[in-house]
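Peer 1: Residue numbers (the numbering used here), protein chains in the order written: chain A, 3 to 730; chain B, 221 to 331.
Think of the CB as a built atom: it goes at the ideal place given N, C-alpha and C, for glycine as much as any other residue.
Just so it is clear, the structure is predicted and the values come from calculations on it, not from any experiment.
Have a look at this one before I ask anything.
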Amino acid sequence: MPPFCHLKNCTGRAHTFVQASQISPRNAYNLVLHKHGDLLYTGIQETVRTRLRSVMEDVIRSPDDQLLSQVCVQWKEHQVTMVMVRDILMYMDRTYVPQSKKMTVYDLGLWAFRETIVRHELVRERLRKLLLANIRSERLGQLIDHNSMRCALNMLTELGGDGSSIYEEDFELFFLEDTCRFYRCESRLFLSEHSCPDYLRKIESRITEEMKRVPNYLHASTRPKLKHIVEHELISAHASTLIGSKKIGFSTLLKESEYKMDDLRRMYALFLQAPATLDMLRTALYEHARTAGRLLIIDQIKEPIGFVRSLLALRTKYKKVVYIAFQRETLAQKKLKEAFDSFLNADIRCASSLVAYIDELMRTGFKGSTESEVEHELDKVIVIFRYLQDKDIFEVFYKQYLAKRLLNRRSTSSEAERQMLAKLKSECGYQYTTKLEGMLTDIRFSRNTMEKYAAHQDRLPPTSEVRSNASGSESDTKESCDMEVTVLTSGYWPPQSIVSCAIPSHAAAAAGDFQSFYLEQHSGRKLTWLTGSGTAELKASFSATAKHELNVSTYQMCILSQFNKLNCRAELSLQEIIDVTKIPHIELKRHLVSLCTPKHRILQKKSKGKGLSNDDSFQVNELFLSKLKRIRVPLVAMREITPHPHQTDHIPAAVQEDRRHLCEATVVRIMKARKQAKHNDLIAEVTRQLNQRFYPQPQSIKKCIESLLEREYLERSSQDPRMYIYLA
Amino acid sequence: FLDNAEFRPFFKFCFEFNREGTKRFLERDTALALLPLCIEDRSKHTLNFLEFLETKPEDFKINRDQWCSFLDFSLAVGPAPEFDGWDSEESSWPILIDEYVEFVQEKLKET
Numbered sequence: 003m004p005p006f007c008h009l010k011n012c013t014g015r016a017h018t019f020v021q022a023s024q025i026s027p028r029n030a031y032n033l034v035l036h037k038h039g040d041l042l043y044t045g046i047q048e049t050v051r052t053r054l055r056s057v058m059e060d061v062i063r064s065p066d067d068q069l070l071s072q073v074c075v076q077w078k079e080h081q082v083t084m085v086m087v088r089d090i091l092m093y094m095d096r097t098y099v100p101q102s103k104k105m106t107v108y109d110l111g112l113w114a115f116r117e118t119i120v121r122h123e124l125v126r127e128r129l130r131k132l133l134l135a136n137i138r139s140e141r142l143g144q145l146i147d148h149n150s151m152r153c154a155l156n157m158l159t160e161l162g163g164d165g166s167s168i169y170e171e172d173f174e175l176f177f178l179e180d181t182c183r184f185y186r187c188e189s190r191l192f193l194s195e196h197s198c199p200d201y202l203r204k205i206e207s208r209i210t211e212e213m214k215r216v217p218n219y220l221h222a223s224t225r226p227k228l229k230h231i232v233e234h235e236l237i238s239a240h241a242s243t244l245i246g247s248k249k250i251g252f253s254t255l256l257k258e259s260e261y262k263m264d265d266l267r268r269m270y271a272l273f274l275q276a277p278a279t280l281d282m283l284r285t286a287l288y289e290h291a292r293t294a295g296r297l298l299i300i301d302q303i304k305e306p307i308g309f310v311r312s313l314l315a316l317r318t319k320y321k322k323v324v325y326i327a328f329q330r331e332t333l334a335q336k337k338l339k340e341a342f343d344s345f346l347n348a349d350i351r352c353a354s355s356l357v358a359y360i361d362e363l364m365r366t367g368f369k370g371s372t373e374s375e376v377e378h379e380l381d382k383v384i385v386i387f388r389y390l391q392d393k394d395i396f397e398v399f400y401k402q403y404l405a406k407r408l409l410n411r412r413s414t415s416s417e418a419e420r421q422m423l424a425k426l427k428s429e430c431g432y433q434y435t436t437k438l439e440g441m442l443t444d445i446r447f448s449r450n451t452m453e454k455y456a457a458h459q460d461r462l463p464p465t466s467e468v469r470s471n472a473s474g475s476e477s478d479t480k481e482s483c484d485m486e487v488t489v490l491t492s493g494y495w496p497p498q499s500i501v502s503c504a505i506p507s508h509a510a511a512a513a514g515d516f517q518s519f520y521l522e523q524h525s526g527r528k529l530t531w532l533t534g535s536g537t538a539e540l541k542a543s544f545s546a547t548a549k550h551e552l553n554v555s556t557y558q559m560c561i562l563s564q565f566n567k568l569n570c571r572a573e574l575s576l577q578e579i580i581d582v583t584k585i586p587h588i589e590l591k592r593h594l595v596s597l598c599t600p601k602h603r604i605l606q607k608k609s610k611g612k613g614l615s616n617d618d619s620f621q622v623n624e625l626f627l628s629k630l631k632r633i634r635v636p637l638v639a640m641r642e643i644t645p646h647p648h649q650t651d652h653i654p655a656a657v658q659e660d661r662r663h664l665c666e667a668t669v670v671r672i673m674k675a676r677k678q679a680k681h682n683d684l685i686a687e688v689t690r691q692l693n694q695r696f697y698p699q700p701q702s703i704k705k706c707i708e709s710l711l712e713r714e715y716l717e718r719s720s721q722d723p724r725m726y727i728y729l730a
Numbered sequence: 221f222l223d224n225a226e227f228r229p230f231f232k233f234c235f236e237f238n239r240e241g242t243k244r245f246l247e248r249d250t251a252l253a254l255l256p257l258c259i260e261d262r263s264k265h266t267l268n269f270l271e272f273l274e275t276k277p278e279d280f281k282i283n284r285d286q287w288c289s290f291l292d293f294s295l296a297v298g299p300a301p302e303f304d305g306w307d308s309e310e311s312s313w314p315i316l317i318d319e320y321v322e323f324v325q326e327k328l329k330e331t
C-alpha cells in the first residue's frame, strides 16, 4: 500500500482509539488539576496495554513471510497513536509525571510495545531470524526490501532506553556474530579456490557492500563494529597467506610489479584498513628487495657495468612500487632504503663496481651527451653512492681509476669529471674531494705549463730536433725531442713506483730542459720522473720501404733505443738489456714480451713459446709487416699481476691504515675536548663522527684506544676502569 | 697484608719494576712467572689466565694497561664459568681480557 494511505489509515485508527477511550484534553486537565492524576495515568496505562494485547494476537499469528511487514505496520500505527495521546495528555506529562516520577506517556507506550509485542516469545526470535535471513539473502545477491528493514531496526533502536539497548541485545549482537561466521567461511573458501589478486578484488567489493548496509538500514553505531569484523575476517586473518602464498601472493606480485601494479595498489589500500597487517606487508617488501639485491650481486658482480645498470633498474622498479602501490608512504620508503643498505654494504665489490661504472661513463658513455644528460646519469650514480657505508673505499678506487683516465687522456669531458666531483663534494663535504680535485687541477696546470714551456722554447735559438730512429743512425748527441710533460702533485695521486730507469739521451735531454725550466718557475720543488708511466712515439725503419710510427711505453722506448747503437742483425741478451736499462725485472719482462707478440713482432726473440727464458736474446725483426702506418703496441696482461681492484672482496690495506689513523685522531680530539669520557660514550661519539665516511667496528675503535693507552695519550681512571682520562 | 685499594699501586709497581729500561711491556715468560707471585690469591682467574697466556707465542708482550686491568678485572668480575659482571657487548676491558674470557668459555664448552 502506498505509504500515504498507510499513514491515513493509521491516523484514522488512532483517532478511533482515542475517541473510544473518551479522553479529551479538557477532561485530562481537570483530572490532573483535582489531584486525580494517578487515576488518569493508570487509566491510560491500562488502555494502551489492552490495545496492544489485541494487536499482539494478530502479530503472533502472522506467518513468517508477513511478520516483518506486520510488525512494521503496527509499529507505525502505535507511534502515531501515542503521539496523539501524548498531545492530549500533555498537561499530565508536564505536572503529574515528574512529580510522581513516572514514565512519560510516550515512553510508557514504548515500554508497553516492547514488552507486549517485540519481546513476546513468539515474536522476538522469529523477528530476529527474519532480519538476519534477509541480510544473508542480500549478501548472496538477492534483493530485499530496505524499507521494512530500516523500519524494524529503527523500531528496535527507539524501543531502547533506560540503560538497555534493544537494538544491540536483540539484533546487533547476533548480526555481528552472523557476519563473522559468514565471512570467515566465505573468505576461506574463496581463497582456497582463487588467486590472491582475485581474492583482493572480491573483498574490496564485499567491504564496500557492507559499508553501504549501514546507511541503508543499519544503525550508525554498528558501523565501526561491522568494519572491524569485516576487516578482521577478510584481511587480517588471511594476511600472511596473502603475502606469502605461492598462488600469486604478494611476493609474486612484486616480481611482476610492472604488470601487477593495480593488484599491488589494491592490496595496500585494503591492508591500510587493518593497519596491523601493513607492517607485515612492509617487511615482505624489505625481504623481497633484499633477496633480489643479493641474487643480483651473486649473478652479476663479475661484470661491474652490467651490475650497476641492473642495480639501477632494480631500484627504479621498487621505487615505483613504493610510489604507486604504497602511496609514497614514508615507512615503506624507509624499508626500501634499509633493504638496499643491507645488501649493498655486505659486499665491497659493490663500491668498486660503481667506480668502474663511472669510469665507463667518463671514457665512452658520455660521448655525445648533452649537459643535462650527463647530469641525469650522474644523479643516478649518486643515488647508489648514498647507500654505500664505506665511502672511503669508494674514494680509493675512484682515485685509481681517475688517475688512469687522466694520465691516459681517456676522459671524454673534463666538465663531466668536474660535475661528478661537485656532486661528491655536496654529499660528503669538501674534504672528501680535495685530492681528487687536486688531480684535475694538476692536469690543467700541466697544460698551462706546457704552453709556457712552448713559448719559452720558441724564444730559444733553434736546436736540431730529430726523432729517434730505430735502425741505428749515429746522430744522437745533444739532440732533443718533443716532450709533453704532466706534472703530478705527489700527495694527490695514488702512489706510483718511483724506481727510475736509464732513458735514452735525447729523451733525457728533453727532460732535463723541461726540468730546468720548471724549477726556475717553482724553486724549492723537487721533480721525480715516473718512467713507469708515459708513452713515446718512435719512427721505425725496418727496411727501406717499411717505415712505421710506433706508439710504445717509456720502458719499451728504452729497450728499443738500445738497438740503435748496434748493427741491424745484432742481438741483445736479456741480461744485457737489464743491465743497461735498469728497468725493474718484472716490468721489463712484461714490456719486452709485448714487443715480441705475433701481432706486434717488432723484436724477434730466440726462445720459442710465449714466455721468456733467462738466457733469451733479441734482435730487430727486419721482416716486420703491418698495414697500418701508425701502430700502438699494447701491453700484455700478466698472470701475476695484482688482481683488478674490482675483483678483491676485502678492504684494501691502504684504507685500513687510513681508518686507523682517522680513528685515533678522532679519539684524541674527543678526549682532548672532554678531558674524560666513559667507554661507551667514547665509542658512540667516535662512531657518530666517523659514520659519514665509513662504519667503524667497535672492536677497531677499541684497538685504537688501547694503542693510545699504550702510548700514554690516555689512561684509565683509577676509580673506574671504564673511564678514560686525557693525558695532556 | 694490604687491602685492595693499597694493593693496586703495588701491583702496578711490580710491572714497572720488572720491565726492562724504557720498554713499556713485559715479555710473556716474565709475566707468566711474575703474575702468580704478585697477585697471590687475590684473583680467582690466575690459573686460567696463565693457561691462556701460554697459548700466546713466545714473543708475546703484555703492556701496563693489560697488566693492571687484570687486577681490576679480577676484583670486578666473578670466576668462570659465569663471569659475573662481564658484559660481552660493551666490554671496556682490554681486548686481551676479552680474549681470555672467550678462551675459558671455549675450553669449558669442549669439556
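With a threshold of 9 Å between beta carbons, is cysteine 288 of chain B in contact with chain A?
Peer 2: Chain A contact via Cβ: present.
Peer 1: If you run the structure through DSSP and keep just helix, strand and coil, what is valine 688 of chain A?
Peer 2: helix
Peer 1: For asparagine 224 of chain B and chain A, any beta-carbon pair shorter than 9 Å?
Peer 2: no
Peer 1: For the stretch 247-299 of chain B, which segments carrying the beta strand (DSSP E) assignment without a break, of at least 3 residues, lie completely within its bounds, in sequence order?
Peer 2: 281-283
Peer 1: Measure the C-alpha to C-alpha separation of glycine 305 of chain B and serine 263 of chain B and round it to an integer number of angstroms.
Peer 2: 15 Å
Peer 1: Under the assumption that alanine 291 of chain A contacts alanine 341 of chain A (Cβ atoms under 8 Å), give the Cβ distance between them as a whole number of angstroms.
Peer 2: 4 Å
Peer 1: Do the CB positions of lysine 276 of chain B and arginine 244 of chain B come within less than 9 Å of each other?
Peer 2: no
Peer 1: Below 6 Å CB to CB, which residues in the same chain sit around arginine 449 of chain A once its five sequence neighbours on both sides are set aside?
Peer 2: none
Peer 1: Bridge partners for valine 398 of chain A per DSSP, in chain order?
Peer 2: For valine 398 of chain A, which the question treats as bridged, DSSP gives no partner whatsoever.
Peer 1: Where does histidine 550 of chain A fall in DSSP's three states?
Peer 2: strand
Peer 1: Under three-state DSSP, which class holds threonine 243 of chain A?
Peer 2: helix
Peer 1: Give the interface partners of glutamate 712 of chain A over in chain B, defined as CB-CB distance under 7 Å, in chain order.
Peer 2: The contacting residues are Arg244, Asn283, Asp285.
Peer 1: When the Cα atoms are used, what is the spatial distance from isoleucine 146 of chain A to valine 73 of chain A?
Peer 2: 17 Å
Peer 1: Taking any Cβ of chain A, which residues in the stretch 306-318 of chain B have a Cβ under 7 Å from it, in chain order?
Peer 2: Listed in sequence order: Glu310, Ser312, Pro314, Ile315.
Peer 1: Looking at C-beta atoms only, is the number of pairs between the stretch 203-213 of chain A and the stretch 157-170 of chain A that lie closer than 8 Å three or more?
Peer 2: The answer is no - the stretch 157-170 of chain A does not touch the stretch 203-213 of chain A, with fewer than three Cβ pairs under 8 Å.
Peer 1: Would you report the Cα separation of valine 357 of chain A and glutamine 433 of chain A, rounded to the nearest angstrom?
Peer 2: 19 Å
Peer 1: Quick test of the definition: if touching needs 3 or more C-beta pairs under 8 Å, does the stretch 565-575 of chain A touch the stretch 607-622 of chain A?
Peer 2: yes
Peer 1: Who are the Cβ neighbours of glycine 155 of chain A in its own chain at under 8 Å, not counting the five residues just before and after it?
Peer 2: Glycine is not the amino acid found at residue 155 of chain A; the sequence shown has leucine there. Cβ neighbours of leucine 155 of chain A beyond the five flanking positions: Leu133, Tyr169, Phe173, Tyr219, Leu220, His221.
Peer 1: DSSP on tyrosine 270 of chain A, reduced to helix/strand/coil?
Peer 2: Per DSSP, reduced to three states, the secondary structure at tyrosine 270 of chain A is helical.
Peer 1: Roughly how many angstroms separate the alpha carbons of cysteine 598 of chain A and alanine 538 of chain A, rounded to a whole number?
Peer 2: Cysteine 598 of chain A and alanine 538 of chain A: Cα-Cα distance of roughly 18 Å.
Peer 1: Quick one, which residues of the stretch 276-307 of chain A are near chain B if we go by CB-CB under 7 Å, in chain order?
Peer 2: none
Peer 1: Determine the closest residue to valine 635 of chain A out of A:His602, A:Lys608, A:Lys610, with distance taken between C-alpha atoms.
Peer 2: A:His602
Peer 1: Going by the CB atoms, is the gap between tyrosine 201 of chain A and leucine 193 of chain A shorter than 9 Å?
Peer 2: yes
Peer 1: Hey, how far is the Cα of lysine 629 of chain A from the Cα of serine 609 of chain A?
Peer 2: 27 Å
Peer 1: Tell me whether valine 324 of chain B sits in a helix, a strand or coil according to DSSP, three-state version.
Peer 2: Look at valine 324 of chain B here: in three-state DSSP terms it is helix.
Peer 1: Chain D beta carbons: is any one of them nearer than 9 Å to that of phenylalanine 293 of chain B?
Peer 2: Here the protein chains are A and B, and chain D is not one of them.
Peer 1: Taking cysteine 560 of chain A as the reference, which of A:Gly514, A:Leu576, A:Ala504 has the closest Cα?
Peer 2: Ranking A:Gly514, A:Leu576, A:Ala504 by Cα distance to cysteine 560 of chain A puts A:Ala504 first.
Peer 1: On the DSSP bridge list, what partners appear for glutamate 539 of chain A?
Peer 2: A:Asn553
Peer 1: So, do the stretch 273-290 of chain A and the stretch 232-250 of chain A have three or more beta carbon pairs nearer to each other than 8 Å?
Peer 2: yes
Peer 1: Near leucine 256 of chain A, what residues of its chain come up, given a Cβ to Cβ distance below 6 Å and the 5 sequence neighbours on each side ignored?
Peer 2: Excluding its 5 nearest sequence neighbours in each direction, leucine 256 of chain A has C-beta neighbours in its own chain below 6 Å: His290, listed in chain order.
Peer 1: Distance check for isoleucine 231 of chain A and threonine 254 of chain A, CA to CA, integer angstroms please.
Peer 2: 28 Å
Peer 1: Assuming contact is defined by CB atoms lying nearer than 9 Å, are tyrosine 726 of chain A and glutamine 691 of chain A in contact in what I supplied?
Peer 2: no
Peer 1: Are any of the Cβ atoms in chain B nearer than 9 Å to that of lysine 2 of chain A?
Peer 2: For chain A, the structure presents residues 3 to 730; residue 2 of chain A sits outside this window and is missing.
Peer 1: Which one or two residues does DSSP pair with tyrosine 726 of chain A in a beta bridge?
Peer 2: A:Ala679, A:Arg718
Peer 1: Taking C-beta pairs closer than 8 Å, name the residues in chain B that arginine 225 of chain A reaches, listed in chain order.
Peer 2: Going along chain B, no residue has its Cβ under 8 Å from arginine 225 of chain A, so there is no contact; the nearest lies around 50 Å.
Peer 1: Within 10 angstroms of the Cβ of glutamine 68 of chain A, are there 16 or more other Cβ atoms? Answer buried if so, exposed if not.
Peer 2: exposed
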